[in-house]
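Down below is the structure, laid out as structure tokens.
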Amino acid sequence: MNATFPVLTTMAIVPLAGALLLWLVPPLRRQGRVIGLLFALATLGVGIWTLARFDFSQAGAIQLTETHSWIPMLGVSWALGVNGLGLAMLLLTAFLVPLVLLASWGEIPADQQGLFSGLVLVLEAFVVVIFAARDVFLFYICFEAMLVPVYFLIGRFGGERRRRAALKFLLYSLAGGLIMLVGVVALYVYGPRGEGAYLVENLVGQITASTTAGRWIFASFFIAFAIKAPMVPVHTWLPDTAEQATPGTSVLLIGVLDKIGTYGMAALVLPLFPRESAWAAPVILVLAVVGIIYGGLAAIAQDNLYRLISYTSISHFGFMVLGLFVGSQIAATGAMVYMVAHGLSIAGLYLVSGFLARRTGTVAISELGGMQRVMPLIAGTFLISGLASIALPGLSGFVPEWMVLTGTFSKSVPLGVVAVLGVIIAAVYVLLPYQRVFTGAPARERVGSADLDGREKLVLVPVIAAMLAVGLAPAPLTDAFEDVAGQVAAAVEAPGETAALATVPTAPADPAVAVVIAEGNTK
41 MNATFPVLTT MAIVPLAGAL LLWLVPPLRR QGRVIGLLFA LATLGVGIWT LARFDFSQAG
101 AIQLTETHSW IPMLGVSWAL GVNGLGLAML LLTAFLVPLV LLASWGEIPA DQQGLFSGLV
161 LVLEAFVVVI FAARDVFLFY ICFEAMLVPV YFLIGRFGGE RRRRAALKFL LYSLAGGLIM
221 LVGVVALYVY GPRGEGAYLV ENLVGQITAS TTAGRWIFAS FFIAFAIKAP MVPVHTWLPD
281 TAEQATPGTS VLLIGVLDKI GTYGMAALVL PLFPRESAWA APVILVLAVV GIIYGGLAAI
341 AQDNLYRLIS YTSISHFGFM VLGLFVGSQI AATGAMVYMV AHGLSIAGLY LVSGFLARRT
401 GTVAISELGG MQRVMPLIAG TFLISGLASI ALPGLSGFVP EWMVLTGTFS KSVPLGVVAV
461 LGVIIAAVYV LLPYQRVFTG APARERVGSA DLDGREKLVL VPVIAAMLAV GLAPAPLTDA
521 FEDVAGQVAA AVEAPGETAA LATVPTAPAD PAVAVVIAEG NTK
């Protein structure tokens, strides 16, 4: 459905307005905690309004569209719209941001809360546009612009080596952005000219590059998204960054921002470059399963909780990429549900680890032990989040991992076997640290340490509830992603039928036309 009111633009403007208010009106900075949280909750409210306006019977089509000419000479438009996947990522972002701001009350000094909250809100505004962008140029601009608030969130509020970590993050991300810029320029050269030249729906099937040039353009986008995801071997920025960033920043960085990598693969790379994606899929799939195994083994070797969690994420992103490129609709659906489920479990792990570190002064596993007797709520939350990340039935990670594995085995038994080894490794990298940190007798100086307080419970309870909801009732997500996953899988499986299989439909205003399109997509 087309938007009569620019709800997606509003969802981007609300957090940006909150940031500007905090930065331009100095007296309000003293109330940065409250103001930031209020604007984040307002953004969540707009997200719920967006959800209410979305037609799930056409979840594979782009809805709530807004299109305005922006740079006519280049054919660039301010064009927003979402399908089921884009909507889910918007809601995940809007759900996590207020929790991160609420969690930060105990770790960011009051006189710095205005700056911290403003940076988080600016970041949220850019992310909203990225997940809703239908114009490749607009996507790229926000893809690069979001680096600025993230750089300051890491470099200003992180640990002792925060500046080095922030610089490493920036260099990797800028490298990916510059590589993508080559592809963005190439789309102007080889794509359609005139109004709406960068609209995804206008580019699908209309890129006239030769086979060689098309592969280079594909590579420019894929490499940028692989760095963001992050995939092995361009992943090394993540552990260093996660170790130095605040837990809240890591939640946004890994739970939301890194999903831009896998989202970009599903929303841009596969629809625009189906032949090139099919050509590169064997190498991508090998890298994905290597990432699954490597990330899991590296996690087991860590003594720092933050680094351990970051390496588990590298393993999980391997599952997501595997599901997207293996050519199975079931696996692709699972990969998309995985994006949401991982965002929830990573939020639980990082936030509760931050609460633990605030009480003990360390995240070194070797310096902890027996915390379950001292802090049973922290121990329980860590265990639930960890079990969700390793796909315990009934929690958020089970259904997506099962779908990815099922779809993978239907296409390649060797890939499926290697991925299953990653599942076994996952049990070790969650349960072994839990045993070392939480079981046994606590050190004498830990006895009497406080458990979760009311505010921290308010942060973690919604996360656990969301993990349970996705685990026990995944149907709304799988139904919302089914059509999008079909388009993604078809792009890899039958790349020769580009126009029919890799199209990015926009929901028509006429219900009769919608029925015709829906019937055509099922053939």
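In this text, residue positions in the sequence shown follow the numbering used here: the first is 41, and each later residue adds one. Idealized CB from N, CA, C, for every residue including glycine.
(message) Which residues does DSSP list as the beta-bridge partners of V116?
(response) DSSP, once it has assigned bridges, lists I111 as partnering V116.
(message) Can you tell me where the alpha helix (DSSP H) holding Q475 begins and where it ends?
(response) Element bounds for Q475: V453 to F478.
(message) Taking the straight line between their C-alpha atoms, what separation do you get for T83 and V291?
(response) Taking the straight line joining both Cα atoms gives about 18 Å.
(message) Quick check on K268: buried or exposed, where buried means 16 or more other Cβ atoms within 10 Å of its Cβ?
(response) Buried is the label assigned to K268, since at least 16 other Cβ atoms lie within 10 Å of its Cβ.
(message) Tell me which residues share the same chain as G288 and place their Cβ nearer than 6 Å to its Cβ, disregarding the 5 neighbours each side in the sequence.
(response) The residues V140, A143 and S144, in chain order, have a CB closer than 6 Å to that of G288 in the same chain once the five nearest residues on each side in sequence are set aside.
(message) When you compare the CB positions of L435 and L508, do they come within less than 8 Å of one another, or not?
(response) Yes. Within cutoff.
(message) As an exercise, report each continuous alpha helix (DSSP H) stretch of at least 4 residues that is fully enclosed by the segment 310-394, in chain order.
(response) Counting only runs of 4 or more residues that sit fully inside the segment 310-394, the alpha helix (DSSP H) segments are 314-340 and 345-365, in chain order.
(message) If you measure between the beta carbons of L445 and G437, is that distance less than 8 Å?
(response) Not in contact: L445 and G437 (Cβ atoms no closer than 8 Å).
(request) Check E283 in the structure and name its three-state DSSP category. (result) The answer is helix: DSSP assigns E283 an H, G or I state.
(request) Select from L125, A185, A80 and R204 the residue whose C-alpha is nearest the C-alpha of V160. (result) Relative to V160, the option among L125, A185, A80 and R204 whose CA is nearest is A80.
(message) Let's see if you can read the secondary structure: which residues bound the alpha helix (DSSP H) around E241?
(response) Its alpha helix (DSSP H) spans residues V240 to L243.
(request) Have a look at the DSSP bridge pairing and note the partners of V122. (result) Under the DSSP definition of a beta bridge, V122 partners with Q103.
(request) Tell me the start and end of each unbroken alpha helix (DSSP H) in the segment 193-263 that is at least 4 residues and wholly inside, in chain order. (result) Runs of the alpha helix (DSSP H) inside the segment 193-263: 202-230 and 240-243.
(message) According to DSSP, is D298 part of a helix, a strand, or is it coil?
(response) Residue state, collapsed to three classes: coil.
(request) Give the single residue among A515, L423, V224 and M376 whose Cα lies nearest to the Cα of A525. (result) The option with the nearest alpha carbon to A525 is M376.
(request) Would you check if the distance between the CB atom of G426 and the CB atom of G480 is smaller than 8 Å? (result) The Cβ-Cβ distance between G426 and G480 does not fall below 8 Å.
(request) Taking only runs that begin and end inside the segment 130-197, name each unbroken alpha helix (DSSP H) of 4 or more residues, in chain order. (result) Listed in chain order, the alpha helix (DSSP H) runs fully inside the segment 130-197 are 153-172, 176-185 and 187-197, counting runs of at least 4 residues.
(message) For P514, count the other beta carbons within 10 Å of its own beta carbon; 16 or more makes it buried, fewer makes it exposed. Which is it?
(response) Looking at its Cβ environment, which holds 16 or more other Cβ atoms inside 10 Å, P514 is buried.
(message) Helix, strand or coil for A404? Go by DSSP, reduced to three states.
(response) In the three-state DSSP reduction, A404 falls in the strand class (E or B).
(message) Can you look up V528 in the DSSP assignment and give me helix, strand or coil?
(response) V528 carries a helical assignment under DSSP once its states are collapsed to helix, strand and coil.
(request) May I have the straight-line CA-CA distance separating P46 from S97, to the nearest angstrom? (result) P46 and S97: Cα-Cα distance of roughly 21 Å.
(request) Report the rounded CA-to-CA distance for A165 versus T133, giving the unit in angstroms. (result) It is roughly 10 Å from the alpha-carbon of A165 to the alpha-carbon of T133.
(request) Please state whether DSSP places M305 in a helix, a strand or coil. (result) Helix at M305.
(message) Let me confirm a value: E485 is counted as buried when at least 16 other C-beta atoms fall within 10 Å, else exposed. Which label applies?
(response) Looking at its Cβ environment, which holds fewer than 16 other Cβ atoms inside 10 Å, E485 is exposed.
(message) Just verifying my parser: in three-state terms, what is the DSSP assignment at S436?
(response) The answer is coil: DSSP assigns S436 none of H, G, I, E or B.
(message) If you follow the alpha helix (DSSP H) that I75 is in, where does it begin and where does it stop?
(response) Where I75 is concerned, the enclosing alpha helix (DSSP H) stretches over G72 to R93.
(request) Please report how far the alpha carbon of G154 lies from the alpha carbon of G76, in whole angstroms. (result) Distance from the CA atom of G154 to the CA atom of G76, rounded to whole angstroms, is 8 Å.
(message) Taking the straight line between their C-alpha atoms, what separation do you get for Y191 and S260?
(response) One C-alpha to the other measures close to 23 Å.
(message) Distance check for L68 and L61, CA to CA, integer angstroms please.
(response) One C-alpha to the other measures close to 8 Å.
(request) Determine the contact status of L48 and E106, defining contact as a CB-CB distance below 8 Å. (result) Yes, these two residues count as a Cβ contact at 8 Å.
(message) Does the contact criterion of 3 or more C-beta pairs under 8 Å hold for the segment 110-120 versus the segment 84-95?
(response) At 8 Å Cβ cutoff, the stretches do not touch.
(message) When you compare the CB positions of M129 and Y180, do they come within less than 8 Å of one another, or not?
(response) Contact flag unset, no.
(request) Determine the extent of the alpha helix (DSSP H) in which Q412 is found, giving its start and end residues. (result) That run of the alpha helix (DSSP H) goes M411 to V414.
(request) Can you give me the Cβ contacts of I418 inside the same chain, cut-off strictly under 7 Å, excluding the 5 residues immediately before and after it? (result) Counting only Cβ-Cβ distances below 7 Å, and skipping sequence neighbours, we find V392, F395, L396, M411, D491 and L492.
(request) Measure the C-alpha to C-alpha separation of V330 and D151 and round it to an integer number of angstroms. (result) V330 and D151: Cα-Cα distance of roughly 45 Å.
(request) Tell me whether the beta-carbon of S355 lies closer than 8 Å to the beta-carbon of A529. (result) Result no, Cβ atoms of S355 and A529 do not sit closer than 8 Å.
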